[in-house]
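All residue numbers in the sequence shown are consecutive under numbering that gives the first Met the number 0, ending with 181. Glycine residues also receive a C-beta, built at the ideal position from the N, C-alpha and C atoms.
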Amino acid sequence: MARENNSCYALLSLLNKKELSGYGVKALFEKIAHFYWSESNAQIYPMLKQLEDQGFVESRLDESSGKRQKRIYAITESGRAHLMQWLMQPISYGAKERNELLLKLSSGFAMDKVDVLQHVNNYITHLQMLQIKLAEVVSHISIDHNGREDQDYLLLVYRYNEKRLKAELEWAKETVQALQAM
Numbered sequence: 000m001a002r003e004n005n006s007c008y009a010l011l012s013l014l015n016k017k018e019l020s021g022y023g024v025k026a027l028f029e030k031i032a033h034f035y036w037s038e039s040n041a042q043i044y045p046m047l048k049q050l051e052d053q054g055f056v057e058s059r060l061d062e063s064s065g066k067r068q069k070r071i072y073a074i075t076e077s078g079r080a081h082l083m084q085w086l087m088q089p090i091s092y093g094a095k096e097r098n099e100l101l102l103k104l105s106s107g108f109a110m111d112k113v114d115v116l117q118h119v120n121n122y123i124t125h126l127q128m129l130q131i132k133l134a135e136v137v138s139h140i141s142i143d144h145n146g147r148e149d150q151d152y153l154l155l156v157y158r159y160n161e162k163r164l165k166a167e168l169e170w171a172k173e174t175v176q177a178l179q180a181m
């Protein structure tokens, strides 16, 4: 299934856990789902409207949110059934990874080796920063999701990301050594 189609299921999955405002959805994507899914505000609000038009979510204005009232979204039974139907479908593995470093590295022979090394070293720094952010997310899940039914599943997702980042970091360090030896 195309990424655009799966985006609505990412929203339904979050709303299946609790009612959220559009901003709350965005904040959760940034905080929890950062390592496996992302959406921009420009995508979130039109998708929420579309899901509401389809009867998969309903919204209400939060009277207690002050002058600029927030619109709170909740999944409907129809939305929950739609989500469950998607959850039971086989996973599509058609998406191709896009990695600018690998694209540039494949033409590294055309660059000065110092510049190639700089790209890889910047990638190492990026991966190390992601590891720090991931540790913060895992800590958040361990504390804030303690006893919740989604905790173990979220920890499995982030264990995957820990291993992936560790492998990428190992590869990047080996690549620096290989480049220095050329």
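CB contact flag (residue i, residue j, <8 Å)
i: arginine 79; j: asparagine 5; result: no
i: lysine 25; j: valine 136; result: no
i: serine 58; j: tyrosine 72; result: yes
i: arginine 185; j: leucine 86; result: There is no way to answer for residue 185, as the model of the chain reaches only from 0 to 181.
i: leucine 102; j: tyrosine 122; result: no
i: alanine 171; j: leucine 126; result: yes
i: glutamate 186; j: leucine 133; result: In the structure as shown, the chain begins at 0 and stops at 181. Residue 186 is therefore absent and cannot be evaluated.
i: leucine 47; j: valine 119; result: no
Cβ-based burial, residue i [other Cβ within 10 Å; buried from 16]
i: phenylalanine 28; result: buried
i: glycine 21; result: buried
i: phenylalanine 55; result: buried
i: leucine 10; result: buried
i: isoleucine 74; result: buried
i: threonine 174; result: buried
i: tyrosine 35; result: exposed
i: leucine 155; result: exposed
i: methionine 83; result: exposed
i: methionine 181; result: exposed
i: leucine 13; result: buried
Where the alpha helix (DSSP H) through residue i begins and ends
i: glutamate 148; result: First-last for glutamate 148: undefined, no H or E at that position.
i: lysine 30; result: 21 to 30
i: lysine 16; result: 2 to 16
Cβ distance (whole Å) where residue i is taken to contact residue j below 8 Å
i: isoleucine 140; j: tyrosine 157; result: 7 Å
i: leucine 230; j: valine 115; result: Missing from the structure shown is residue 230; the chain here goes from 0 to 181 and no further.
Kindly provide the ranges of any alpha helix (DSSP H) runs that are 4 or more residues long and lie completely inside the region 32 to 108, ordered along the chain.
40 to 52, 76 to 86 and 99 to 104
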